[in-house]
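Student: Mind having a look at this structure? Questions to follow.
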Amino acid sequence: MKVLIAIPPEKFRDEELLIPVKKFQEAGVTYELASTHTGVVMGVLGKKAKVNRTFEDVLLSGIDDYYALMIVGGPGTQVHLWNNRHLIELIQIFHKKEKVVAAIDNAPIVVAKAGILKKKIATVAPGQTVREMMVEDAIIQNKPLVYKDKIVTASGFEVAEQFASILIRYEKEDPEFTPTSSKAGFAF
Numbered sequence: 000m001k002v003l004i005a006i007p008p009e010k011f012r013d014e015e016l017l018i019p020v021k022k023f024q025e026a027g028v029t030y031e032l033a034s035t036h037t038g039v040v041m042g043v044l045g046k047k048a049k050v051n052r053t054f055e056d057v058l059l060s061g062i063d064d065y066y067a068l069m070i071v072g073g074p075g076t077q078v079h080l081w082n083n084r085h086l087i088e089l090i091q092i093f094h095k096k097e098k099v100v101a102a103i104d105n106a107p108i109v110v111a112k113a114g115i116l117k118k119k120i121a122t123v124a125p126g127q128t129v130r131e132m133m134v135e136d137a138i139i140q141n142k143p144l145v146y147k148d149k150i151v152t153a154s155g156f157e158v159a160e161q162f163a164s165i166l167i168r169y170e171k172e173d174p175e176f177t178p179t180s181s182k183a184g185f186a187f
């Protein structure tokens, strides 16, 4: 099973892609990048990544090969992903099929816009993004990382390593790591 990494076509936060990718490679977790367009995309710090799939392509071919959807943040996420109907549909499908949905920095906004954070705990980058999350009826936790019910949110690149570790633990089905609806939620 793979992680589908959703990335904006420009101005993604470099560390929020590179750190999780490095952790995935170390753990033997495979991944694919998807965006609004295929080709080379550039982060705000100048790092480049090659995208081979569009969100629409993934919708057409299905999500059976993936256990998680991870959405990278950055200025380009607000511009290109917050209201992207194909990504919003992917989020809803991943959630409905009980797969992991994870977002970092300002990317939890698109998860909230997909409707899966209503009355659920989450975190997001500080600032105006908090208001955006509240409009979507999310319960904001002032924590760097929050995960519950296969939804993982992180406030920024400072916790990208821990964010990736949570996704890896879901993939490895770690018996010590079983977040469930019966628990109050996890935040640190």
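According to numbering that gives the first Met the number 0, the sequence shown is numbered sequentially starting from 0. Note that the Cβ used here is the ideal one computed from N, Cα and C, for glycine as well. Here the structure is a predicted model, which is why all the values come from computation and not from measurement.
#1: Is the region 73-81 touching the region 105-124, taking contact as three or more C-beta pairs under 8 Å?
#2: To which residues does DSSP link Thr53 through a beta bridge?
#3: Can you tell which of Val43, Gln140, Ser34 and Val145 has the C-alpha that lies nearest to the C-alpha of Asn51?
#4: With DSSP as the reference, label Val100 as helix, strand or coil.
#5: My parser needs the beta strand (DSSP E) runs of 3 or more residues fully inside the region 78-142; what are they?
#6: Report back the beta-carbon spacing between Ala5 and Leu86 to the nearest angstrom; my notes put them in contact at under 8 Å.
#7: Looking at the unbroken beta strand (DSSP E) that takes in Lys1, where does it start and where does it end?
#8: Between Val129 and the rest of its own chain, which residues show a CB-CB distance below 8 Å, the 5 nearest in sequence each way excluded?
#9: Any idea which residues DSSP pairs Ala48 with across the strands?
#10: With C-beta atoms as the reference, is Gly61 less than 8 Å away from Glu15?
Tutor: This is what the structure gives:
#1: yes
#2: Ser34
#3: Of Val43, Gln140, Ser34 and Val145, the residue nearest in Cα terms is Ser34.
#4: strand
#5: With a minimum length of 3 residues, the continuous beta strand (DSSP E) runs that stay inside the region 78-142 are 99-103.
#6: 6 Å
#7: Lys1 to Ala5
#8: The answer, listed in chain order, is Val123 and Ile139.
#9: Beta-bridge pairing links Ala48 to Val40.
#10: no
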